[in-house]
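Enquirer: In the numbering used here, the protein residues as written are 832 to 1157.
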Ligand code: NAI
Ligand code: MG
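1. Just the Cα atoms here: how many angstroms apart are residue 970 and residue 1009?
2. Residue 841 by DSSP, collapsed to three states: which one?
3. According to DSSP, residue 957 sits in a beta bridge with which residue or residues?
4. At a cut-off of 8 Å, would you count residue 1088 as near the ligand NAI, judging by its Cβ distance to the nearest heavy atom?
5. Entirely within the segment 883-953 and at least 3 residues each: give me those beta strand (DSSP E) ranges in chain order.
6. Roughly how far, in whole angstroms, is the beta-carbon of residue 980 from the beta-carbon of residue 943, given that I think they are within contact range, below 8 Å?
7. Where DSSP assigns a beta bridge to residue 1025, which residues make up the other side?
8. To the nearest angstrom, report how far apart residue 1111 and residue 1076 are at their CA atoms.
9. Can you give me the C-alpha to C-alpha distance between residue 1176 and residue 966, rounded to a whole angstrom?
10. Starting from residue 1050, trace the alpha helix (DSSP H) in both directions and tell me its first and last residue.
11. Sorted by chain position, which residues of the same chain lie with C-beta nearer than 6 Å to residue 921's C-beta, five sequence neighbours on each side aside?
12. Closer than 8 Å to a non-hydrogen atom of the ligand NAI - does that hold for the CB of residue 922?
13. Thinking just about the alpha-carbon of each residue, which of 860, 940 and 885 is nearest to the one in residue 1072?
14. Indicate whether the contact test is met: 3 or more Cβ pairs, each with one atom in the segment 868-884 and one in the segment 892-909, closer than 8 Å.
15. Put residue 880 into one of helix, strand or coil per three-state DSSP.
16. Using only alpha-carbon positions, find the residue among 1125, 1153 and 1122 that is nearest to residue 1137.
17. Assuming residue 789 and residue 903 form a contact by the criterion Cβ under 8 Å, report the distance between their Cβ atoms to the nearest whole angstrom.
18. Starting from residue 1106, follow the alpha helix (DSSP H) in both directions and report where the run begins and ends.
19. Between which two residues does the alpha helix (DSSP H) carrying residue 1154 extend?
20. Within 8 Å: the Cβ of residue 1067 and any heavy atom of the ligand NAI?
21. Relative to the ligand NAI, is the shortest distance from any of its heavy atoms to the C-beta of residue 820 smaller than 8 Å?
Printed below as a string of structure tokens:
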């Protein structure tokens, strides 16, 4: 079966790292059909809107989307795109690589973050002139869905430690519900897990990241904790992510459009190529995903490296080395 992949490079280094990832995918010769879509600051300048309807539709109808980065219009582009693929799960691995400076080289974590509700549900209100409220939305369905996804992800990817982050001692009803849903899913699937208060977890993650594998989180906790763990492995140029929906998904590096280095041809393509590896995994090409990850890992260890990792190689040099390692 051939897969239709929407390719949306966006702004700045998006236009440099996305082609690198496509080169790697093409080398695998899986017969993907790549369809280009436009979005970002440059599109807004030309047409008045950062995300044209046709790009939204392209992502919604594709089997998967590869997105680079947008600049100032990032929120106008990425939030609707995540909605286009109906992504309920945000998957963010934070893995340290040999040969790359990391605060904690033993880090190998994956955050599975609920991506639709919690305090990001957008339910805010000005009650009076000087009182503003925010409603934290937690539903049974979304909690169950993210728990099922998280436990299955851990099993499929060989993680023995699963932790559910929460703060049910204070947010008794909302995180109580989240925790209950996780417990029910674990019981039904015979999964083992630990639960952890999210504040204490932040501290333990910094001190002993090796104690953790997959961390299932409500929305805000996942946002904060995954950024925190990103700091442990060092280098924005290395972090991939996935936004997964029921039958569609979008893959993007965590970094932005890097205007300070855009156009110089020195962006690190690793995060984008690793995002493409997550796409391969998602589409059922597990062996190919492993090959790509191993190739990137070998290049990070032996070089060549881009300037963000202390080297002097170009995006093209690194991409070529990854292709050789493949
Ligand atoms: P950024 O991630 O673009 O850059 C931060 C720093 O990391 C810069 O010094 C940059 O050169 C470096 N960097 C990032 N990715 C790199 C890579 N692959 N290789 C080498 N160096 C890399 O974040 P910043 O500077 O906060 O934002 C720049 C623009 O990107 C803004 O307009 C922002 O709105 C947008 N942005 C877009 C995102 C998205 O599309 N998902 C996410 C974050 C920011
Ligand atoms: Mg964030």
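By construction, the Cβ of each residue, glycine as well, lies at the ideal position given by its N, Cα and C atoms.
Expert: Taking the coordinates as given:
1. 8 Å
2. Secondary structure at residue 841: strand, using DSSP grouped into helix, strand and coil.
3. 963
4. yes
5. List check, beta strand (DSSP E) in window: 895-900, 920-926 and 939-945.
6. Contact between residue 980 and residue 943 holds, since their C-beta atoms are separated by about 6 Å, short of 8 Å.
7. In the DSSP assignment, residue 1025 is bridged to 994.
8. 15 Å
9. Residue coverage of the chain in this structure runs from 832 to 1157, which leaves residue 1176 outside it and unanswerable.
10. DSSP places residue 1050 in the uninterrupted alpha helix (DSSP H) bounded by 1050-1064.
11. 944, 946 and 1074
12. no
13. 940
14. With the cut-off at 8 Å, the segment 868-884 and the segment 892-909 touch.
15. It is coil, neither helix nor strand.
16. 1153
17. No answer is possible for residue 789: it lies beyond the span of the chain, which begins at 832 and ends at 1157.
18. 1101-1113
19. 1146-1156
20. yes
21. Outside the displayed span of the chain (832 to 1157) sits residue 820, for which this structure offers no information.
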